[in-house]
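Notes for the one structure printed next.
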Amino acid sequence: MDELSGALVERVGIEAWVDLRDEAGASAGYWAARGEVYAAVSPAGGPGSGGGSSAVGSILGEARRAQRRWQVVLRAPVAVDLTSRLRWQGATLAVLSVANDPRTPDRVTLACETRTW
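First residue of the sequence shown: 31, per my numbering; consecutive thereafter.
Shown next, in the form of structure tokens:
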């Protein structure tokens with residue numbers, strides 16, 4: 031993905047977890063909207079992703095995942111971390127990793143997984 035501006039065609043909402051406690055000390059946190067950005071969303075390869083096939087999970091004896099995995103590319107800088115989640119086309123995507131490659135300082139690549147909260 032060399033041309034970034036033409037690839038960012040999907041509208042993605044960013045939400046962050048706000049951790050609060052009630053009077054009893056129980057978690058009363060909530061997801062707060064942090065804004066919407068344009069992104070490039072594509073299926074990530076590997077088992078359970080729906081974006082290709084790979085036998086690595088079977089060979090290494092790892093558990094297969096039922097949720098789809100996605101690669102999401104955003105224009106940098108953007109405030110996304112492992113406590114964030116994305117809303118895209120009615121789906122909720124949990125952020126599994128955030129990669130800032132020094133060779134491409136204009137973008138942030140996320141590995142995400144579809145979740146049901």
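From the three backbone atoms N, C-alpha and C, an ideal C-beta is built for every residue, glycine too.
Sub-8 angstroms separation of residue i and residue j beta-carbons
i    : j    : result
V102 : A69  : yes
V42  : L126 : no
E143 : A124 : yes
A106 : R64  : no
A46  : T139 : no
Residue span of the beta strand (DSSP E) that contains residue i, given as start and end
i    : result
L104 : R99 to R105
P73  : Y60 to P73
T122 : A121 to A129
V48  : E40 to V48
S114 : S114 to W118
Residue i to residue j span [Cα, whole Å]
i    : j    : result
A37  : R98  : 21 angstroms
P135 : R145 : 29 angstroms
D52  : A58  : 6 angstroms
L50  : V108 : 24 angstroms
V48  : A141 : 22 angstroms
W100 : Y60  : 24 angstroms
Identified DSSP bridge partners for residue i
i    : result
S35  : DSSP output for S35 lists no bridge partner at all.
R133 : DSSP, once it has assigned bridges, lists no residue as partnering R133.
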